[in-house]
Amino acid sequence: MHEVAEHFCNAAFESDFNWISKIAFFQRTSTMLILVVHLMDNATPTVDVYILLDVMQKIDQVSSPAAFLTWSLDMRQHYPSEIRRKFEQYYKNYLGYFGHRSQIRYNRQFVEILDYLGDRPSARVLEVGCGCGSESLYFGLVGAEVTAIDVSPKRLAVAAFRKKFVEKNLQLTANTEFKNQNILDITKKESFDALWLEQAFHHCEPRGEVVAAIAQLLKPGGRVFISEANPWHPLISLGLFLKRGTKTIKTYLDEDGNERQYGNERIITKSGLAKNLADVGIKEEHFRYFNVFPNWRIFDGLAQHEESYPKIACLHSHYNFVGIKS
Ligand SMILES: C[S@@+](CC[C@H](N)C(=O)[O-])C[C@H]1O[C@@H](n2cnc3c(N)ncnc32)[C@H](O)[C@@H]1O
9 MHEVAEHFCN AAFESDFNWI SKIAFFQRTS TMLILVVHLM DNATPTVDVY ILLDVMQKID
69 QVSSPAAFLT WSLDMRQHYP SEIRRKFEQY YKNYLGYFGH RSQIRYNRQF VEILDYLGDR
129 PSARVLEVGC GCGSESLYFG LVGAEVTAID VSPKRLAVAA FRKKFVEKNL QLTANTEFKN
189 QNILDITKKE SFDALWLEQA FHHCEPRGEV VAAIAQLLKP GGRVFISEAN PWHPLISLGL
249 FLKRGTKTIK TYLDEDGNER QYGNERIITK SGLAKNLADV GIKEEHFRYF NVFPNWRIFD
309 GLAQHEESYP KIACLHSHYN FVGIKS
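Sequential numbering from 9 applies to the sequence shown in this note's numbering.
Written as structure tokens, this is what we have:
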């Protein structure tokens, strides 16, 4: 039995395993193996049981982006105090509430990119504006080769710590490299299969240069996945207006003392985004509105059938856009 378990684990972790599509199969098969072990052993746990339980636990923790974030939130007590403080500040909304419904909403952002990575497990992905690194780490754990950039050294310090923490504690490799870089400063051309910008596009400026950079960085046939807040949603637009007024572009000095622009929540409609990207040779391949209610516990009941609400722009707080470079 030990050989069976060992073979199974090796097959899963060391081969060119397409994680996402096989996780469910893996979990079912592991459970069956455990039952067989118990039956054969008269319910005395063996080393195989422990190996399998351990494997199943790891699989659970990376079974979806929300599962990984849940695990990361639970683990924060083990982070050094400064890293923990920054992490908690960054995820303060989710620390308040990251229940079942909230996790479903969180996972909705990743439907398109995870579908894509499921078919191309070792794709080269660039995350622009990776923040504290959750998504880049997740993509790197499930097989993609990820470069993750951000212009905030403090957030990158959290991300880099988390990479070491994940690898040590889950004993899995996150194929993710974090860099303190502005998208406008990447010189490599046509080097990525996919670009991922989650709530980041509205921070990257000047917009014309940013879309040109996106087009340059993608390989021909490569995809850009953009997840954004929807300005047609009245509460989103009102909330942002109250928070930042009408000043949607700010400037700051980067580490070399150069003045740079920063989008102050300068959100964009889907048609505006599609037009900007079309101008640089990126065609719309797919588009989807999602999320009707804010991420508050009181909306749990109402949010149950959110997926089936009519796709009227002003009802949905977010959208996903996938563009393909011709
Ligand atoms: C809202 S956060 C993104 C969230 C991220 N997807 C996550 O879940 O953690 C947007 C990030 O974009 C970064 N950013 C803004 N302008 C950028 C630029 N020109 N190049 C790279 N990153 C940029 C910001 O520093 C910020 O951390």
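A virtual CB, placed ideally from N, CA and C, is assigned to each residue, including glycine.
Problem - Through-space distance from Val300 to Leu125, alpha-carbon basis - result: 27 Å
Handout entry: Leu6 to Ile306 span [Cα, whole Å]
Key = The structure shown does not extend to residue 6, since the chain is modelled only from 9 to 334, so the question has no answer here.
Practice task
Entirely within the segment 163-207 and at least 4 residues each: give me those alpha helix (DSSP H) ranges in chain order.
Solution key: none
Problem - Cβ-heavy atom distance, Arg274 to ligand 1, below 7 Å - result: no
Problem - Residues near Leu323 in its chain [Cβ-Cβ closer than 7 Å; skip 5 each side] - result: Val300 and Tyr317
Exercise for the section: Taking only runs that begin and end inside the segment 60-138, name each unbroken alpha helix (DSSP H) of 4 or more residues, in chain order. Expected result: 73-83, 89-98, 100-104, 108-116 and 119-127
Practice task
Would you check if the segment 200-219 and the segment 164-171 touch, i.e. whether three or more CB-CB distances between them fall below 8 Å?
Solution key: no
Handout entry: Span of the alpha helix (DSSP H) around Glu217
Key = Arg215 to Leu225
Problem - Arg163 Cβ short of 7 Å to ligand 1 heavy atom set - result: yes
Practice task
Go through its chain and collect everything with a Cβ distance to Asn101's Cβ below 6 Å, but skip five positions before and after it.
Solution key: none
Practice task
Can you have a look at Ser325 and say buried or exposed, based on whether 16 or more other CB atoms are within 10 angstroms of its CB?
Solution key: buried
Problem - Gly216 versus Asn284: straight-line alpha-carbon distance, rounded - result: 8 Å
Practice task
Decide yes or no for the touch test of the segment 278-298 against the segment 256-267: beta carbon pairs closer than 8 Å, at least 3 of them.
Solution key: no
Problem - Contact belief for Ile290 with Gly229 at Cβ below 8 Å, rounded distance in angstroms - result: The Cβ separation is near 11 Å, so there is no contact.
Practice task
Could you work out which residue in Tyr114, Ser245, Val159 and Ile121 is closest to Asp264 when comparing CA atoms only?
Solution key: Val159
Problem - DSSP state of Tyr146 mapped onto helix, strand, coil - result: helix
Problem - Whole beta strand (DSSP E) elements within the segment 219-271, 3-residue minimum - result: 226-237, 257-261 and 267-271
Problem - Span separating the alpha-carbon of Leu103 from that of Met48 - result: 44 Å
Handout entry: Whole-angstrom distance between Ala223 and Ser334, CA atom to CA atom
Key = 10 Å
Practice task
Tell me whether Lys251 is buried or exposed, calling it buried when 16 or more other Cβ atoms sit within 10 Å of its Cβ.
Solution key: exposed
Exercise for the section: Can you check DSSP and say which residues form a bridge with Tyr297? Expected result: Tyr327
Practice task
Report yes or no: do three or more beta-carbon pairs, one from the segment 183-196 and one from the segment 133-151, lie closer than 8 Å?
Solution key: yes
Exercise for the section: Identify the continuous alpha helix (DSSP H) that holds Ala286 and give its terminal residues. Expected result: Lys278 to Ala286
Exercise for the section: Would you grab the beta carbon distance between Leu77 and Ser142 for me? Rounded to a whole angstrom, and I think it's under 8 Å. Expected result: 5 Å
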